Structure formats: C-alpha cells, structure tokens
Amino acid sequence: MKWLLGAFAALLLCLVVYAGSAFVSALDLVSAVRSGDAAQIMARTDLPRVRHSLVDQFVSAYLDRLGQKRPVRPLERMAIHAFGATVADDLAIKLMTPDTLSVLLKSGTVRNAAENVTFGTMSPLAELDISNIFVFAGRITLVKPVEFTLRLGESQDAGSVSMHLDGTTWKLSGLGLQPKVLANMVDRLPTR
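Quick note: the sequence shown uses the numbering used here, first residue 3, plus one each step.
This is how it looks when you write it as structure tokens:
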C-alpha cells in the first residue's frame, strides 16, 4: 500500500511540474509579447515549427480554394512542399520576422511589413487573461503529450497559438490563423 501511495504521489508531482512548466512558459511568452520585446519572443519561438504550421495552413486553404476538398495524401503533400509551397513558404517567412511576429502576437494584426499589406486581425495573445487560471485552462487543447494549443478568444475561430515542449521549456510552435485572415492571404496566391 505504501508503494502504491508513493507511486501516486510521484505521478501527481510529475503532473504538477508538467502543467506548471507549461503555464510558466505561456506566462513568459505573454509577458514578452505585452512588453513588445521581439528578441524575447524570438527566443521563446521554435521558428521551423511555426513556419511549417503556417505553410500547412496555406496549402490546405489553397487546396480548398481550388475546390479540392479532400485530404491531402502524403505523396501529394511532399510534392506540394517540395515544388508548390515555395510561395506559401515565402509568405510564412515574411510573417515570422521579429517585428511582424511581435505585432501579430501583441495586436492581432496579420500583415506583411515588406509589402505594407494587412490581411486582417485576430484575437491578440497580449490580451489573453492569464490571471484566471480556470479560463486559461479552459482554452487549452492537448494535441500531444508534448504539445498544446491555446485558443486566443471565446470562439473556435478566434485564432490560436501552439506550444511545444523543447527540453525543459515550452516554445511557441504554431500559429492558428482565423479562417477569414487565412482566406485573405490565400486570395493573393495565384490560382494555377
């Protein structure tokens, strides 16, 4: 019985440390966003994962726009990423500059600073109420044991950010753009 109680206590401690590290990392990211510190935001961001998440969204929205509403097979996805995603990749890279990412997370404005184009706005990360842990926990969706998605607003279409466990800290690993903003971005891509 003592062994079972000890194992349960150890498991509970691991869960508290796991959830606590996620909360502290999210709090640090929100603090960096609120202060507008682009260097701290970039230090808390896994850029290759964010780029990959954006390219996947662009490719899916582009295929939907073309009327091909079906799952993309792995071979097609590989071909799209190898040959056809260069435009989407270029757009994703333009969204991930320190200044653009900082503005997107702080104000919710999705823009291409190089071309001075604004695609729309979404709920900003800076306005997330992290003082109420129950509201914060209610917006979390566990994707994998090492990744969670945090909804930025009340509705499902408010946009989201994903965080991934990287070593001992959690880093920003994805941006879930609102469908309206995503559609505005994809409309700028060529149709064929």
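A virtual CB, placed ideally from N, CA and C, is assigned to each residue, including glycine. None of these values were measured; they are calculated from a predicted model.
What three-state label does DSSP hand residue i in the structure shown?
i: glutamate 156; result: coil
i: arginine 2; result: Coverage of the chain is limited to positions 3 through 194, which leaves residue 2 absent and any answer about it impossible.
i: arginine 51; result: helix
i: glycine 178; result: strand
i: asparagine 118; result: coil
i: arginine 67; result: helix
i: leucine 167; result: strand
i: serine 133; result: coil
i: threonine 88; result: helix
i: arginine 36; result: helix
i: threonine 111; result: strand
i: threonine 99; result: coil
i: serine 162; result: strand
Using a Cβ-Cβ cut-off of 6 Å (strictly less than) and excluding sequence neighbours within five positions of residue i, which residues of its own chain qualify?
i: asparagine 114; result: Lys96
i: leucine 106; result: Val112
i: glycine 178; result: Gly161, Ser162
i: leucine 144; result: Phe150
In its own chain, which residues sit with a C-beta less than 8 Å from the C-beta of residue i, not counting the 5 before and 5 after it?
i: proline 100; result: Ala40, Ala41, Ile43, Met44
Is the Cβ-Cβ distance between residue i and residue j less than 8 Å?
i: serine 125; j: glycine 38; result: no
i: aspartate 168; j: aspartate 58; result: no
i: valine 32; j: leucine 127; result: yes
Please work out which residues of its chain come closer than 7 Å, Cβ to Cβ, to residue i, disregarding the five sequence neighbours upstream and downstream, and give them in chain order.
i: leucine 56; result: Ala94, Leu97, Leu177
- Query: Three or more C-beta pairs closer than 8 Å, one from the region 13–27 and one from the region 168–184: is that the case here?
  - Reply: yes
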